[in-house]
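Residue numbers for the sequence shown follow our numbering, so the first one is 178 and each next one is one higher. Just so it is clear, CB atoms sit at the ideal spot from N, CA and C, and this is done for glycine as well. Note sheet for the following structure.
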Amino acid sequence: MSGGEPIIVPLDLDEAETNRIIESCQGVLLPGSKTDVDPARYGGLSHEEVAPADRKREAVDYLLLEHAYTQRKPILGICYGLQSLNVYRQGTLIEHIPDFLSPNRRHVNHAAGRMIALVHQVRIDAGSMLARIVAQEGLQPEAVAIGVNSSHHQAINRVGGGLKIVARCPDDSIVEALEGTDPEHFVLAVQWHPERSVDADEASRSIFRALIEGARTCCEQS
């Protein structure tokens, strides 16, 4: 739909073979996962609600991110992918959102899951790359609110180096999107799942088109 050809990177290859596949890619998409990032990677406390880590996935994510940052290839993180990116950049995570929020701010079920198409609103900062991406054609990228799905119990705590917050849930201020601080390198990560709503939602389609355009630009400049 967006013009890109996905290449799946297996998790059970040796590092040399994994790197060979990675080098053939023009961009990196870090998808969601049913697991959680190992708390040991960011000094977490191993909350009882933390799902067991996928060590192979984490290793491949780090190889992908190392290559993408070195070669300045575009990066898109989705849900777990956002969290993995943030930890790679030395950020930290809220291990379990309900324990982080005060009772009077627990109005949003961030762990609602794929059966609920629209869970809450996300307010996107004016002037951000994400605002430009999802803005309707011909309109200025002002602060916008879009409805999103939600399937996570963890969230961004301390933001990693070279990243910035560009969207939050207005009901509880949970971080919903990060961007890279380098305007010449496409780095975007969202806490929701735009792949689940591409058929019905133009904003979701725009996110994937932006990744493909970033990959095309990177390829032309190489």
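query, result
"Once the 5 residues before and after E194 are set aside, which same chain residues still bring their CB inside 8 Å of it?", "none"
"Mapping the DSSP letters down to three states, classify V311 as helix, strand or coil.", "helix"
"In angstroms with no decimal places, state the Cα-to-Cα distance between I185 and E192.", "15 Å"
"For Q298, which three-state DSSP category applies?", "strand"
"Could you check how far apart the C-beta atoms of L259 and Q368 are, in whole angstroms? I think they sit under 8 Å.", "5 Å"
"Buried or exposed: where does G338 fall if 16 or more other Cβ atoms within 10 Å of its Cβ makes it buried?", "exposed"
"Quick check on this structure: which residue in M292, R291, V296 has the alpha carbon closest to the alpha carbon of H284?", "V296"
"With 16 other CB atoms within 10 Å as the buried threshold, where does D189 fall?", "exposed"
"Using the C-alpha atoms, what's the distance from H362 back to E356?", "10 Å"
"So if DSSP puts K341 in a beta bridge, which residue, or which two residues, is it bridged to?", "E356"
"Between the Cα of E353 and the Cα atoms of L206, L388, A332, which residue gives the shortest distance?", "A332"
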